[in-house]
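Working notes, beginning with the structure itself.
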Amino acid sequence: MRRFNRNISRKNTGCVKWDMIEGDKSKIIPFSIADSDYPTAKEIEKCLKKRVKHPIYGYSYPDDEYFDAIINWTKKRYNYTIDKDNIIPTNGVVTSLYYAIKHFGDNTDSVIIQPPVYNPFYSVILDNDKKVVKNRLLKENNYYTMNYVELEEQLKAGSKMILLCNPQNPTGRVFTYQELEKVVDLAIKYDAFILSDEIHCDIMLDSNEFVSVNEFADRHSKIAVFTSISKSFGLAGLKTSNVIIKNKKLAEEFREFLRHKYISFGNVFGLTGVKSAYNHAEEWLDKQNIHLTRNFKYLKEFFETNYPKVGVTKTEGTFLAWLDLGYLGMSCVKMQEELKKMGIIINEGRRYDEDCRGYIRFNFACSQKQLKLGLNALGEFLDQYKD
Numbered sequence: 007m008r009r010f011n012r013n014i015s016r017k018n019t020g021c022v023k024w025d026m027i028e029g030d031k032s033k034i035i036p037f038s039i040a041d042s043d044y045p046t047a048k049e050i051e052k053c054l055k056k057r058v059k060h061p062i063y064g065y066s067y068p069d070d071e072y073f074d075a076i077i078n079w080t081k082k083r084y085n086y087t088i089d090k091d092n093i094i095p096t097n098g099v100v101t102s103l104y105y106a107i108k109h110f111g112d113n114t115d116s117v118i119i120q121p122p123v124y125n126p127f128y129s130v131i132l133d134n135d136k137k138v139v140k141n142r143l144l145k146e147n148n149y150y151t152m153n154y155v156e157l158e159e160q161l162k163a164g165s166k167m168i169l170l171c172n173p174q175n176p177t178g179r180v181f182t183y184q185e186l187e188k189v190v191d192l193a194i195k196y197d198a199f200i201l202s203d204e205i206h207c208d209i210m211l212d213s214n215e216f217v218s219v220n221e222f223a224d225r226h227s228k229i230a231v232f233t234s235i236s237k238s239f240g241l242a243g244l245k246t247s248n249v250i251i252k253n254k255k256l257a258e259e260f261r262e263f264l265r266h267k268y269i270s271f272g273n274v275f276g277l278t279g280v281k282s283a284y285n286h287a288e289e290w291l292d293k294q295n296i297h298l299t300r301n302f303k304y305l306k307e308f309f310e311t312n313y314p315k316v317g318v319t320k321t322e323g324t325f326l327a328w329l330d331l332g333y334l335g336m337s338c339v340k341m342q343e344e345l346k347k348m349g350i351i352i353n354e355g356r357r358y359d360e361d362c363r364g365y366i367r368f369n370f371a372c373s374q375k376q377l378k379l380g381l382n383a384l385g386e387f388l389d390q391y392k393d
C-alpha cells in the first residue's frame with residue numbers, strides 16, 4: 007500500500023490541478039479536480055515505458071487486444087457480456103456525451119439530469135440547444151436517493167432522454183440494481199434514451215458492488231454507457247474512453263455519426279494504457295480501493311469527532327467526499343476564498359446545483375499525509391466559526 011502514500015510533486019508538469027492554481031502555488035494543496043495524486047500501477051508504467059522505447063509514434067488504431075481487454079474486463083467486473091461491435095473508442099467521456107446527445111436526442115428538446123451532478127452535464131445539454139430538466143436527488147440523513155415520482159412526471163411531460171451519473175458525482179452514491187431497474191422501467195414506458203456516465207465504476211469503497219445500467223440492455227435497447235481508464239487508474243491525461251452500446255444497430259449508427267463529425271481515435275499511449283490497465287493492473291486497482299476506503303473512513307471520523315455539524319454524505323463509490331457546511335451561512339465565493347487562505351482548494355457546491363450553497367466537494371485520492379494536511383487546514387477554517 008506504500009505506493010498510494012508516496013508524495014510525488016506534480017508541479018511544473020503541465021498539471022491542471024496543481025499548475026493552474028492562482029497565487030502562491032507553494033502554499034496551496036488542491037483537493038479539487040477529480041484525479042489522483044499518487045502514481046499509477048507499476049504494470050501500466052512499465053507498459054507505457056516499453057512503448058515509449060519504440061521511437062516511432064505514428065497513427066495507431068484499436069486492435070483486437072484492445073477490444074478483448076475491454077470485453078474481458080466488462081464481463082469480470084461489471085457482469086455483462088459484450089463483443090467488439092458494441093464498443094466505440096472515443097477521446098473523452100464529456101466529448102462523447104455531447105455527441106451522444108446530439109445524435110440520439112433528435113426527438114427531444116430536453117434532457118433529464120439528477121442534481122447535484124457533475125457540472126459538465128449542464129453544458130453538454132445547453133450546448134446542444136436543449137433544455138436542462140432537473141430531477142433532483144432526494145436527501146435524507148446525508149444520503150441521496152432518486153425521486154421516481156418526479157422523474158415519471160418529467161418523462162410524461164415529453165423529455166425523451168435521461169443522463170445518469172453512476173457512481174454519482176459528487177454525492178458518491180452507487181445506485182443499486184433495484185434503483186436502476188425503476189429508471190429503466192420508466193424509460194421503457196415513455197420510450198426514453200438512457201445515457202449513463204460510468205467513469206467512476208471501478209472505484210468502489212467498502213463492500214459496495216457496481217451495477218451498470220447495461221445489465222438491462224436486453225430489455226431496453228436505448229442505452230449507451232460511457233467508461234474510461236482515467237479515474238480508475240489515474241490516466242486522465244491519456245484522453246481515452248469508450249462508449250458501450252449493446253444494440254449493434256445503434257452502436258454502428260453512432261460510430262458512423264462520429265466518423266462524419268471527424269471524431270477519430272488512435273492515441274498510441276491511450277491504446278497502450280487501456281490494454282495494460284485492464285490486462286495487468288487489477289490487483290493495483292483493488293488495493294487502491296482499500297486505500298480510498300481507509301481515507302474516507304479517516305475523513306468521516308475526523309468530522310464526526312471534531313466538527314459534528316458538518317454533514318458528510320456516505321461515499322459508496324468515487325474518491326469524492328460531499329460535505330455540507332451550510333450551517334456556516336457563508337457564500338460559496340467567500341468560503342472558497344477563506345479556504346484558499348488556509349492553503350487548500352476545493353470545489354464549491356453550486357457548480358453541481360444552484361441549491362447547494364454551503365456544500366463542498368473534497369477529493370481524497372491522495373496520500374494519508376496529504377489528506378491529513380487538507381483536513382487540518384479545513385479544521386482551522388471551521389474553528390474560526392465555532393460557537
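Each number in the working numbering corresponds to the 1-based position in the sequence shown with 6 added.
We put the CB at the ideal spot given by N, CA and C, even for glycine.
Counting C-beta pairs with one atom in each stretch, the stretch 354-362 and the stretch 203-219 have fewer than three that are closer than 8 Å, which means they do not touch. Looking at the DSSP output, Met210 bridges to Gly323.
In this structure Asp91 is in contact with Ala257, their Cβ atoms being roughly 6 Å apart against a cut-off of 8 Å. As the crow flies, the alpha-carbon of Lys31 is around 33 Å from that of Asn172. For Ile94, the enclosing beta strand (DSSP E) stretches over residues 93-96.
For Gly317, the beta-bridge partners assigned by DSSP are Asp330.
Scanning Val155, Val249, Gly243 for the CA closest to the CA of Ser218 turns up Val249.
DSSP places Thr299 in the helix class (H, G or I) of the three-state scheme.
The three-state secondary structure of Ile251, taken from DSSP, is coil. If you look at Ser234, you'll find it in the beta strand (DSSP E) that goes 229-234.
Here the C-alpha atom of Ser234 lies approximately 32 Å from the C-alpha atom of Gly29.
Inclusion of Ala371 and Phe325 in the CB contact set at 7 Å is warranted, their separation being smaller than that value. When DSSP reads this structure, Ser116 sits in a beta bridge with Lys137.
Leu244 is a Cβ neighbour of Gly279, given a cutoff of 7 Å. Closest in alpha carbon position to Asp359, among Gln342, Pro176, Asn85, is Pro176. Taking a contact to require three or more Cβ pairs closer than 8 Å, the stretch 293-309 and the stretch 82-101 do not qualify as touching. Non-local C-beta neighbours of Ile27 in its own chain, meaning closer than 6 Å and more than five positions away in sequence, comprise Ile34, ordered along the chain.
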